[in-house]
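Numbering (my numbering), first residue to last: 1 to 102.
By construction, the Cβ of each residue, glycine as well, lies at the ideal position given by its N, Cα and C atoms.
These numbers come from a predicted model, not from an experiment.
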């Protein structure tokens with residue numbers, strides 16, 4: 001009889017420790033689910049913010065290109081200044097490339 005009681009106590013102890021481990025694992029799973037949901041929401045938010053930034057950049061590029069074209073072709077003086085500044089930037093590079101080719 002004492003042996004049966006000892007086995008019962010041993011089984012009860014094992015069941016309790018496994019129950020505690022299961023509860024701890026359950027809490028970890030709940031925590032992971034919350035983190036996954038948070039990351040998913042954050043990912044969607046990031047996608048939306050990226051899309052908005054891309055749209056703003058596209059709009060900016062279009063308006064900048066339009067304003068550059070307008071400024072370039074508005075007056076001859078401005079066009080000449082633009083060409084001179086491009087030449088001053090590009091000429092040394094072109095000379096360097098040509099000297100490397102020879």
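Rounded to a whole number of angstroms, what is the C-alpha to C-alpha distance between residue i and residue j?
{"i": "residue 6", "j": "residue 13", "result": "10 Å"}
{"i": "residue 103", "j": "residue 32", "result": "Not covered by the structure: residue 103. The range shown for the chain is 1 to 102."}
{"i": "residue 42", "j": "residue 36", "result": "10 Å"}
{"i": "residue 50", "j": "residue 34", "result": "24 Å"}
{"i": "residue 22", "j": "residue 40", "result": "27 Å"}
{"i": "residue 54", "j": "residue 27", "result": "40 Å"}
{"i": "residue 52", "j": "residue 16", "result": "54 Å"}
{"i": "residue 59", "j": "residue 38", "result": "31 Å"}
{"i": "residue 10", "j": "residue 44", "result": "51 Å"}
Run through DSSP, which three-state label would residue i get?
{"i": "residue 57", "result": "helix"}
{"i": "residue 73", "result": "Residue confidence is low: residue 73 scores 45 on pLDDT, short of 50, so the model does not pin down where it sits. Its coordinate-derived value is still stated next. In the structure shown, residue 73 sits in a helix (DSSP, three-state: H, G or I)."}
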